[in-house]
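There are 4 protein chains.
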Amino acid sequence: MAQPQQSEEADTGKPPLRVGMVGYAFMGAAHSQGWRTAGRVFDLPLSPELAVVCGRDADAVRAAASRHGWAATETDWRALVERDDVDLVDICTPGDSHAEIAIAALEAGKHVLCEKPLANSVAEAEAMVRAAEAARARGQVAMVGFNYRRVPATALARRMVAEGRVGTLRHVRVTYLQDWLVDPEFPLTWRLRREQAGSGSLGDLGAHIVDLAQYLAGEQLAGVSAITETFVRERPLPTAPSSGLTAVSAAGTGPVTVDDAALFTGRFASGALASFEATRYATGRKNALRIELNGDRGSLAFDLERLNELSYHDATEPGEHAGFRRILVTEPEHPYLEAWWPPGHGLGYEHTFVHQARDLVRAVAGGRVPEPSFADGLQVQRVLAAVEESAGKNSVYTPITA
Amino acid sequence: MAQPQQSEEADTGKPPLRVGMVGYAFMGAAHSQGWRTAGRVFDLPLSPELAVVCGRDADAVRAAASRHGWAATETDWRALVERDDVDLVDICTPGDSHAEIAIAALEAGKHVLCEKPLANSVAEAEAMVRAAEAARARGQVAMVGFNYRRVPATALARRMVAEGRVGTLRHVRVTYLQDWLVDPEFPLTWRLRREQAGSGSLGDLGAHIVDLAQYLAGEQLAGVSAITETFVRERPLPTAPSSGLTAVSAAGTGPVTVDDAALFTGRFASGALASFEATRYATGRKNALRIELNGDRGSLAFDLERLNELSYHDATEPGEHAGFRRILVTEPEHPYLEAWWPPGHGLGYEHTFVHQARDLVRAVAGGRVPEPSFADGLQVQRVLAAVEESAGKNSVYTPITA
Amino acid sequence: MAQPQQSEEADTGKPPLRVGMVGYAFMGAAHSQGWRTAGRVFDLPLSPELAVVCGRDADAVRAAASRHGWAATETDWRALVERDDVDLVDICTPGDSHAEIAIAALEAGKHVLCEKPLANSVAEAEAMVRAAEAARARGQVAMVGFNYRRVPATALARRMVAEGRVGTLRHVRVTYLQDWLVDPEFPLTWRLRREQAGSGSLGDLGAHIVDLAQYLAGEQLAGVSAITETFVRERPLPTAPSSGLTAVSAAGTGPVTVDDAALFTGRFASGALASFEATRYATGRKNALRIELNGDRGSLAFDLERLNELSYHDATEPGEHAGFRRILVTEPEHPYLEAWWPPGHGLGYEHTFVHQARDLVRAVAGGRVPEPSFADGLQVQRVLAAVEESAGKNSVYTPITA
Amino acid sequence: MAQPQQSEEADTGKPPLRVGMVGYAFMGAAHSQGWRTAGRVFDLPLSPELAVVCGRDADAVRAAASRHGWAATETDWRALVERDDVDLVDICTPGDSHAEIAIAALEAGKHVLCEKPLANSVAEAEAMVRAAEAARARGQVAMVGFNYRRVPATALARRMVAEGRVGTLRHVRVTYLQDWLVDPEFPLTWRLRREQAGSGSLGDLGAHIVDLAQYLAGEQLAGVSAITETFVRERPLPTAPSSGLTAVSAAGTGPVTVDDAALFTGRFASGALASFEATRYATGRKNALRIELNGDRGSLAFDLERLNELSYHDATEPGEHAGFRRILVTEPEHPYLEAWWPPGHGLGYEHTFVHQARDLVRAVAGGRVPEPSFADGLQVQRVLAAVEESAGKNSVYTPITA
């Protein structure tokens, strides 16, 4: 086992928050950036330390530790969650292991950050919520990683909805469009296997947009009607254990056991209507998470491919001068921008993880339930379950059960 | 020296096509522009004449005739369809009168252009198709006015799909967003009454996007799953017979008997997925008919608010240089552009009616079935009926029956 | 039952305004659309009649008359300006004939509309202004055809500047970018010959942007510093008399005697700075007239390739919600929009000529000096002359002399 | 003197590159991010260490060191450049101190990174180039910090120009628009004083766009014609020593001794034309560095406010399908993207400093002259000097002297 070394945060004079991360692929790299940077940019009550990273392949995890700046390594997450020098367990693995790791970590007295979707089933998610509630009584916090709440533009949108600038909500329309499966020769990575990923575009992309839509709307979905589809049902097997979105094709094929695309409509509790589309077959759309809210006082629109911008239409203005304005969300009064660059100097994707780390550190220090909580993650899981149920029952409208 | 002559249509030396138009509000004004202009811009085999316009109020129809340049007036559409000096009847009335007028005109030996939606019910539309087929044997043509097929950009999109530039279709997503009902004090015009309009956003906006989606896809929808909603169920009565989209509010209120918004997902015959949204409550969106098609060779996107542009992503290009390109559809090789202005000098909404007139005149002269035919209009009506059926049955997936 | 009547213009019951047009190429077609449509859309005090069109080639002008709906033809503009049945002479010829025709028409008692640039020299333009002033005493009006003042979005911009929404002006930046000369094989049309066109991109495109910049700013340029360039100095001769922007190449070449591009900076009377660029070599830019004004209270931006939109930044708003808003200039309260289509149904390029006709008819009926007057055209000519002078003197700053 | 501590990079097993940074305001924070992150994301031959940071105020520099993660501090740059544990001196101070620090550091055997503009005068820049050349013989490298060459989209643009995709260059137009001086109450920070900043918008913004234009064009400017202006000549004095772009106003005013805006046109060596505008008064434009290149084979356009995108028009394509395409510069084959996130997950402003650090580390390890070199910085300085000379001589065209 590698030993912790003198870490970069040692000189801040603040109490440390020692992070142990499980998984080190795409999400692991992004979370590493978040933990490394948050305390350098924001004034935090605790100083995050990249204490231990865990992965099954000892050589690979050592290389990742060296690359990303983690002081020590583990090859068994069970060892990691028991370490005394870890305060918070950050779970960056595929969804099938979330429940087991998170519950063990909470029972071991750790704070937990768990990547989305919270779990691969409602039952798992319910168990995680129970564990989080028990841990909360012990002062531990648990957060699920819906990082797109922490784009400054979406956080501004939430603030504006809360201020009443959208008014009575009528419509929410959201798409999350990617195109990395258009090529039928793209291999069968773990994201295309139900046993690991739980679902396909639904759990990966749909979870994000369900959470974001409910977060921005400030209310929950009451029911959904859904269609799902798997366009390419057989794909080449990867040669090596795949990680993240890239993989190498190999001889032999296997069945795709998750959805390629999921479309659903729904009703919010207030009666507002919603439409959702998650797909990996939207040729030319790389990361097009787009959301628009229409209310009787205004509208908001956001596109993740232009994440420094928020569109806003103020319906209380005279029609002669009204129009969707492009707010460049880089002003010091915008969420998270107090610590960054001058106006017009935009942020990128990974900053959402810096902001997530910031907010989680503050929640830990303040003993507050962080947003989004495991309960929020469970509720998203219930929506996803209703989507799958509706899709399996001829799209019939399916209420979200609490 | 040549002498001044009387009529601008008299001197073309071409046989006339004498048009009798029923209705003279918004659509009547637009059609008048189309008939007046088509022969001035395009080289047509027949010379359209604005012969007779018909409306119930004699003074109002005379004023409209004077304004729009119609040579004569009628106050009873039955008289108009019987006139010997009318070759083609152009129906610009609300949907409840389409079937009766169109069938009478066809039986009277006239060509017919009928505004969309073709009818307020499938049964009416079927009767219209039968009348059109009978008339076709006599050399008459019948067209339904889905004018958005005739934006140069959508016509180019159709051409590109037919050339295989989109490839195997995976997704079609369409919205038609307007916002003129956001104000609950907007009065109860004919468009909000089921007995006249048949339906609300569904027949008005939804008919357009169903037709356009199927036209561009080159295939038909197999089934739909739908939600509809009426957000504001009681509105002030208008003081005077309303026309078009504007009206004056008055004392008293009445029930809105049509949908304010309709959302539906669907499957194309090929297995491609589709999503549709038609609404009059999308605050800040004035005429946002937006359609995107994703296939395995490319994608196309169009926005009616920027109607001189077509977005195209060519997936056969190397990723390094690929991207959605904005084609400014104003080049001489683009559809309908051979007769207009130099590149970059854009067209507007009304040009779709000029193009519609052009194509219909050519179909009349050539004895060809025009596109979109009454059969096309009937098929759209069947989709709308399936949408209403699904919305009434808890959104259950409802096949489109032939 | 009303009887069909002859001419669409004959039945308006309004006094006619009989137009005689000289030239029938690109501008002639556009003006024809304007005259034909203005009285059909707007409520005008006089009813424009397309009385006589004039061109040197008898067959060609007869064909043009038939196509565009002119009642009679002439082959000598001197005959046209003397006709008793012509009230207004509309000059759509190259710049070298503007002065002679306009002065003769004014002396013959006609109103005059003259395409831009007003003339090919300051001296000619001065003579035209003197003729217009003399004619004004006789109740005649004279207008120069800077049609881009009559895009609803630019007219709205002017209104907003006049209302103080831009405040103290700091910057005006304008480009007019086209690309039809990028191909060195494009032939040597009249627009590339100094003796006919006066100048190249400067008089064609530069005249538009100088006029528009001064119009929107509400003030005049005090001086300029300029660079001009001819990139391709020899081009193939056209086979036939060229018209408009299209032509056929032929054997033999000849020298390009005008500028291909003109760049200049300048100062407004108030001290605001300006930059201008006019070119026919901006590959991919088809008709990109773009103007932006920055003042201490706000900014405005316009792009002719998206002519139904105006961008506006209100600097008096809190920074948190401020941003350039895209005003879709299609609302009934917007300039010229009272008579057109519902919100979101955009207009096109040719509508500027309809609006020009509308405003000119009203000026004629009201006996008012129309905007832009010949004096306005002369002032633009003086700016263009200063540009050429500066370009010839090593770009030295050259004041605009009155 | 603070002692170096065990630093975050100690565990990479690579030789260190120990950085000593002078200045810790806006640029210092950005450079810190760059040094901290480069080795975590890219595979570098040396491991950057944040060794020493230097500032005049001991308390402030200690706070900055703690915040940004520097192991030690100095209060005198002369001490810093003499330290044995510093390999590279990174100069983030105002321009008036660049020459002195850089020359001393080079003479002390250090590699140097110097923020732009290289110096406040051509003479200083020449001395710096001489020092860099002498140091080069000793294996030292010297780079000037034109970080906007290292946006992936601009780097891709450079690659595409080099591949001939733009062809013979005709036009380059560049603006760098900000608006932070619109408010006349914004205080007189060091950026508004000639003795510290050298010039105003010219050296701050103009230096960037002159460098970027020449870099992308692949050639140098031959001469310029310029206008400069100071709109607000007196401003409130700041209460405290100002840093960066933010400051607090105070009692009393002082004269602004630099330009607020600079506009210039120019000619490239090849005959292509260029226009430049740098201003801090473009209301609503926050960081709008926009550049467009037009050549006979294609065009490129970039906007720093949307820095993950590059627009490209390929003029060799048939006009029917041609258009400016929006390349989302987030693909693995794009410059710098091999190490970042999946497609569509955009980067931000600070990443340019990570890339700068990457490239400089590799130059140091490889003993190569980095781009942009001090010689490149000197050449930009000569352009800026010609701009000021032209502006002082009635805008007369002023050649750039070598």
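Residue numbers (the UniProt record's numbering), protein chains in the order written: chain A, 1 to 402; chain B, 1 to 402; chain C, 1 to 402; chain D, 1 to 402. All C-beta atoms, glycine included, are put in the ideal place defined by N, C-alpha and C. Quick caveat: nothing in here was measured; it's all calculated off a predicted structure.
Mind listing, in chain order, the continuous beta strand (DSSP E) runs of no fewer than 3 residues lying wholly within the stretch 165-206 of chain A? Those beta strand (DSSP E) runs which fall completely within the stretch 165-206 of chain A and span 3+ residues are 169-177.
Give me the Cα-Cα distance between Gly377/C and Asp57/B, rounded to the nearest whole angstrom. On the third sequence, residue 377/C is found 377 positions in, with the first residue counted as 1. On the second sequence, residue 57/B is found 57 positions in, with the first residue counted as 1. Taking the straight line from one Cα to the other gives about 48 Å.
For Pro4/B, decide whether its Cβ has a neighbour in chain C, counting only Cβ atoms nearer than 8 Å. Start at 1 with the first residue of the second sequence, and residue 4/B comes out as number 4. Below a pLDDT of 50, predicted positions are generally treated as unreliable, and Pro4/B, at 33, falls in that range; the measurement from the model is reported next regardless. So, interface residue.
Looking at Leu273/A: is its Cβ nearer than 8 Å to the Cβ of Ile291/B? The sequence position of residue 273/A within the first sequence is 273, counting from 1. The sequence position of residue 291/B within the second sequence is 291, counting from 1. Not in contact: Leu273/A and Ile291/B (Cβ atoms no closer than 8 Å).
Kindly say whether Ala42/A, judged by its beta-carbon, lies nearer than 8 Å to any beta-carbon of chain C. On the first sequence, position 42 is the one that residue 42/A refers to. For the sequence presented, residue 42/A should be read as Phe rather than Ala. So, not an interface residue.
Please determine if the stretch 339-352 of chain A and the stretch 307-323 of chain A are in contact, where contact requires at least 3 C-beta pairs separated by less than 8 Å. Result yes; three or more Cβ-Cβ pairs closer than 8 Å.
Proximity of Arg280/A and Gln196/A at Cβ, strictly below 8 Å: Counting from 1 along the first sequence, the entry for residue 280/A is found at position 280. Counting from 1 along the first sequence, the entry for residue 196/A is found at position 196. No Cβ-Cβ contact shorter than 8 Å links Arg280/A with Gln196/A.
Quick check on the DSSP output: the alpha helix (DSSP H) that includes residue 408/B runs from which residue to which? Residue 408/B falls outside the range modelled here, since chain B spans only 1 to 402, and no answer is possible.
Looking at C-alpha atoms only, which residue of Gly266/C, Ala135/C, Leu212/C is the closest neighbour of Gly109/C? Taking the third sequence and counting its residues from 1, the one referred to as residue 109/C is at position 109. Closest in C-alpha terms to Gly109/C, from the list Gly266/C, Ala135/C, Leu212/C, comes Ala135/C.
Looking at Asp259/A and Leu202/A, is the spacing between their C-beta atoms short of 8 Å? Within the first sequence, residue 202/A is the residue found at index 202, counting from 1. Within the first sequence, residue 259/A is the residue found at index 259, counting from 1. Yes, the Cβ-Cβ distance between Leu202/A and Asp259/A is below 8 Å.
The beta strand (DSSP E) spanning Glu219/A covers which residue range? As a first step, residue 219/A must be located in the first sequence, where it is residue number 219. Glu219/A -> no beta strand (DSSP E), and no H or E assigned at all.
Within 8 Å, do at least three Cβ pairs link the stretch 92-100 of chain C to the stretch 111-124 of chain C? Under the three-pair Cβ rule at 8 Å, the stretch 111-124 of chain C counts as touching the stretch 92-100 of chain C.
Between which two residues does the beta strand (DSSP E) carrying Glu277/B extend? Position 277 of the second sequence, counting from 1, holds the residue named residue 277/B. First-last of the beta strand (DSSP E) with Glu277/B: 273-279.
Give a yes or no on whether 8 Å exceeds the smallest Cβ distance from Arg170/C to chain D. Sequence index remark: in the third sequence, residue 170/C carries index 170 (1-based). The beta carbon of Arg170/C sits closer than 8 Å to some beta carbon of chain D.
Leaving aside the five residues before and after Arg193/B along the sequence, list all residues of the same chain whose C-beta is less than 6 Å from its C-beta, in chain order. For this step, residue 193/B is matched to residue 193 along the second sequence. The beta carbon of Arg193/B sits closer than 6 Å to those of Thr257, all from its chain and outside the five residues before and after it, given in chain order.
Any beta-carbon of chain D closer than 8 Å to the one on Ala322/B? Here residue 322/B refers to the residue found at position 322 when the second sequence is read from its first residue. Put simply, the CB of Ala322/B is near chain D, with a gap under 8 Å to one of its CB atoms.
Is the CB-CB distance between Arg297/D and Val172/D below 8 Å? Mapped onto the fourth sequence, residue 297/D falls at position 297. Mapped onto the fourth sequence, residue 172/D falls at position 172. Taking C-beta atoms as the reference points, Arg297/D and Val172/D fail to come closer than 8 Å.
What three-state label does DSSP hand Ser97/D in the structure shown? Looking up residue 97/D in the fourth sequence gives position 97. The answer is helix: DSSP assigns Ser97/D an H, G or I state.
If we ignore side chains and look at the alpha-carbon of each, how far apart do Thr401/B and Glu49/B end up? Your numbering for residue 401/B matches position 401 in the second sequence. Your numbering for residue 49/B matches position 49 in the second sequence. Straight-line Cα distance between these residues: approximately 40 Å.
In chain order, what residues of the same chain lie with their CB nearer than 8 Å to the CB of Val61/B, ignoring the 5 residues before and after it? Against the second sequence, residue 61/B aligns to sequence position 61. A distance below 8 Å between beta-carbons, with the five flanking residues on each side excluded, links Val61/B to the following residues of its chain, in chain order: Tyr24, Val53, Cys54, Gly55, Thr73, Glu74, Thr75.
Sheet register partners of Thr73/D (DSSP bridge): The count along the fourth sequence starts at 1 and reaches residue 73/D at position 73. Listed as beta-bridge partners of Thr73/D by DSSP are Val53/D.
C-alpha distance - Gln356/A paired with His355/B, whole-angstrom precision: In the first sequence, the residue the question calls residue 356/A occupies position 356. In the second sequence, the residue the question calls residue 355/B occupies position 355. One alpha carbon belongs to Gln356/A, the other to His355/B, and they sit about 54 Å apart.
When you compare the CB of His334/D with every CB in chain B, is at least one pair closer than 8 Å? Translated into the one-based positions of the fourth sequence, residue 334/D becomes position 334. Closer than 8 Å: yes.
Buried or exposed for Ala315/C, going by 16 or more other Cβ atoms inside 10 Å? Numbered from its first residue, the third sequence carries residue 315/C at position 315. Burial state of Ala315/C is buried, judged by a 10 Å Cβ sphere holding 16 or more other Cβ atoms.
Inter-residue Cα distance where the pair is Ala301/B and Val22/B: Along the second sequence, one-based indexing puts residue 301/B at 301. Along the second sequence, one-based indexing puts residue 22/B at 22. As the crow flies, the alpha-carbon of Ala301/B is around 35 Å from that of Val22/B.
Can you check whether the C-beta of Arg325/B is within less than 8 Å of a C-beta belonging to chain D? Taking the second sequence and counting its residues from 1, one reaches residue 325/B at position 325. Yes, contact with chain D.
Run through DSSP, which three-state label would Gly244/C get? Walking along the third sequence from the start, residue 244/C turns up at place 244. Confidence at Gly244/C is low in this model, with a pLDDT of 48, below 50, so the placement of that residue is unreliable and no value is reported for it.
Presumed contact (8 Å Cβ cut-off) between Cys92/B and Gly13/B, rounded CB distance: Here the question's residue 92/B lines up with position 92 in the second sequence. Here the question's residue 13/B lines up with position 13 in the second sequence. Incorrect: roughly 29 Å between the Cβ atoms, too far for contact.
Among residues of its own chain, excluding the 5 on either side of Asn394/D, which ones have a beta-carbon nearer than 8 Å to its beta-carbon? Within the fourth sequence, numbered from 1, the residue matching residue 394/D stands at position 394. For Asn394/D, where only same-chain residues beyond five positions count, there are no Cβ hits under 8 Å.
Using a Cβ-Cβ cut-off of 8 Å, state whether Ser111/D counts as contacting chain C. Locating residue 111/D in the fourth sequence gives position 111, counting from the first residue. Checking the sequence shown, residue 111/D turns out to be His, not Ser. Residue contact with chain C for His111/D: absent (no Cβ-Cβ distance below 8 Å to any residue of chain C).
Whole angstroms are fine: how far does the CA of Ser66/D sit from the CA of Val141/D? Residue mapping note: residue 141/D aligns to position 141 of the fourth sequence, counting from 1. Residue mapping note: residue 66/D aligns to position 66 of the fourth sequence, counting from 1. About 28 Å.
Which residue marks the beginning of the alpha helix (DSSP H) containing His355/C, and which one marks its end? The residue labelled residue 355/C in the question sits at position 355 within the third sequence. That run of the alpha helix (DSSP H) goes 351-366.
What do you get for Ser299/D, buried or exposed, if any count of 16 or more other CB atoms within 10 angstroms of its CB means buried? Position 299 of the fourth sequence holds residue 299/D. Buried: at least 16 other Cβ atoms inside 10 Å.
Length of the line joining the Cα atoms of His111/A and Leu205/D: Stepping through the first sequence from its first residue, residue 111/A is reached at position 111. Stepping through the fourth sequence from its first residue, residue 205/D is reached at position 205. Rounded to the nearest angstrom, the two C-alpha atoms are 46 Å apart.
Residues bridged to Asn294/A (per DSSP): The residue you call residue 294/A lines up with position 294 of the first sequence. Beta-bridge pairing links Asn294/A to His171/A, Ser299/A.
For Glu333/A, write down the residues that DSSP places opposite it in a beta bridge. The residue given as residue 333/A occupies position 333 in the first sequence. None, per the DSSP bridge assignment.
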